[in-house]
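S.K.: Here it is, the structure in full.
Numbering (the UniProt record's numbering), first residue to last: 1 to 146.
Written out as structure tokens, the structure is:
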């Protein structure tokens with residue numbers, strides 16, 4: 001039996017890249033009073049519009065307790081608002097505020113810079129085949145941490 005399984009290897013690549021992204025960008029997000037999960041939430045709301053807390057939790061694969069904490073934090077920062085759904089009183093609808101929308105370009109810039117560094121270090125073009133790109137970036141991240 002081979003030790004390499006394409007779907008499993010691909011999932012592992014995503015996991016390594018995601019953890020490295022969090023580690024590398026967390027200090028930068030902190031200067032905006034955000035964490036990586038806050039940034040994901042704001043970007044999703046900006047791109048796709050309002051969502052319920054449950055929808056956000058499912059889309060971002062976050063448990064209900066964490067999404068509640070993250071929304072509370074973003075509300076305190078004035079980046080999101082939450083209102084009770086007109087259709088279901090037990091559902092909170094989360095919307096990005098104008099202040100939240102103002103921080104989204106910086107979130108995109110942080111993300112794009114991180115990815116551009118990966119491409120540059122791995123000598124990969126953004127148009128390269130997907131799986132090859134992931135594998136090269138994963139290797140670069142692993143080697144960098146050794």
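Note that beta-carbon positions come from the ideal geometry of N, C-alpha and C, so glycine has one too. It should be emphasised that the depicted structure is a prediction, and the values quoted were computed from it without experimental measurement.
Quick check: the Cα distance between residue 34 and residue 143, rounded to an integer number of angstroms?
M.R.: Whole-angstrom Cα-Cα distance: 28 Å.
S.K.: Check for me: the beta strand (DSSP E) holding residue 81 runs from which residue to which?
M.R.: Counting along the chain, the beta strand (DSSP E) containing residue 81 begins and ends at 80 to 84.
S.K.: Contact between the region 107 to 125 and the region 18 to 35 is defined here as three or more beta-carbon pairs at a separation below 8 Å; is this criterion met?
M.R.: Judged by Cβ distances under 8 Å, the region 107 to 125 makes contact with the region 18 to 35, as three or more pairs qualify.
S.K.: Any idea which residues DSSP pairs residue 95 with across the strands?
M.R.: For residue 95, which the question treats as bridged, DSSP gives the partners 81.
S.K.: So which of 13, 8, 9 and 103 has the shortest CA-CA distance to residue 138?
M.R.: The shortest Cα separation from residue 138 among 13, 8, 9 and 103 belongs to 13.
S.K.: Should residue 62 and residue 141 be called a contact, given that it needs their Cβ atoms to be closer than 8 Å?
M.R.: It is not a contact, given that the beta carbons lie outside the stated cut-off.
S.K.: Here's the rule I'm using: 16 or more other beta-carbon atoms within 10 Å means buried, otherwise exposed. How should residue 1 be labelled?
M.R.: Confidence in residue 1 is poor, its pLDDT being 46 and thus under 50, which makes the residue's placement unreliable; the coordinate value appears in the next sentence. Residue 1 comes out exposed.
S.K.: When burial is assigned at 16 or more other CB atoms within 10 Å of the CB, is residue 125 buried or exposed?
M.R.: Residue 125 comes out exposed.
S.K.: Can you grab the Cα-Cα spacing for the pair residue 42 / residue 128, in whole Å?
M.R.: Cα-Cα distance, rounded: 29 Å.
S.K.: What does the Cβ neighbour count give for residue 57, buried or exposed, with the cut at 16 atoms within 10 Å?
M.R.: Its Cβ being crowded by 16 or more others within 10 Å, residue 57 is buried.
S.K.: Quick one: what's got a C-beta closer than 8 Å to residue 52's C-beta in the same chain, skipping five residues either side?
M.R.: 85, 91, 92, 93 and 94, listed in sequence order.
S.K.: Is it true that the CB of residue 104 sits closer than 8 Å to the CB of residue 147?
M.R.: Limits of the chain in this structure are 1 at one end and 146 at the other, which puts residue 147 out of reach.
S.K.: Measure the alpha-carbon distance for residue 116 versus residue 72 and round it to whole angstroms.
M.R.: Spanning the two alpha carbons is a distance of roughly 32 Å.
S.K.: Should residue 11 be labelled buried (16 or more other beta-carbon atoms within 10 Å of its own) or exposed?
M.R.: With fewer than 16 other Cβ atoms within 10 Å, it is exposed.
S.K.: CB-CB under 8 Å to residue 134, same chain, minus the five flanking residues each way: which ones, in chain order?
M.R.: So the list reads 10, 13, 14 and 17, once near-sequence residues are dropped.
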